[in-house]
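Chemist: Just passing along the structure, written as structure tokens.
In my numbering, the protein residues as written are 354 to 460.
This is how it looks when you write it as structure tokens:
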């Protein structure tokens, strides 16, 4: 399904014919995606230390609590950390994605 959108150029002078060009939805979506990706890369580059702390500190804290503290006080088995690691990685990915989208909207 390839639909096209017709737009008119607003840079024509009086008396000149209006030029119509056809742009596909895919091209518009790709342009928007690349613009948002570029913005996110620039923001991440500016706040790289904060980004690293946000991405690394929470999983390390979870692994310490659930892998060391809980097994040492008897609330989890010693091999629990091996099962926990994939869950922590998935949780970190989801949490970081949600924070990356929602926090700029709130602030």
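Backbone N, C-alpha and C define an ideal beta-carbon position, used for all residues, glycine too.
Would a C-beta distance cut-off of 7 Å place residue 408 and residue 455 closer than the cut-off?
Modeler: It is not a contact, given that the beta carbons lie outside the stated cut-off.
Chemist: What are the boundary residues of the alpha helix (DSSP H) that residue 399 is part of?
Modeler: Residues 378-399.
Chemist: Is residue 429 helix, strand or coil when you go by DSSP?
Modeler: If DSSP states are grouped into helix, strand and coil, residue 429 belongs with coil.
Chemist: Find out if the Cβ-Cβ distance for the pair residue 397, residue 386 is shorter than 7 Å.
Modeler: No.
Chemist: Answer with buried or exposed for residue 420, where buried requires no fewer than 16 other C-beta atoms within 10 angstroms of its C-beta.
Modeler: Buried, by the Cβ-count rule.
Chemist: With distances taken Cα to Cα, identify the nearest neighbour of residue 431 among 416, 377 and 391.
Modeler: The residue with the shortest Cα to Cα distance from residue 431 is 416.
Chemist: Compute the distance between the beta-carbons of residue 436 and residue 412, then report whether it is under 7 Å.
Modeler: No; because the gap between Cβ atoms is not below 7 Å, this pair is not in contact.
Chemist: Do you know offhand how far residue 389's Cα is from residue 443's?
Modeler: So the two alpha carbons sit approximately 24 Å from each other.
Chemist: Please work out which residues of its chain come closer than 8 Å, Cβ to Cβ, to residue 393, disregarding the five sequence neighbours upstream and downstream, and give them in chain order.
Modeler: Same-chain partners within the cutoff: 453.
Chemist: To the nearest angstrom, report how far apart residue 377 and residue 384 are at their CA atoms.
Modeler: Approximately 11 Å, taken between the alpha carbons.
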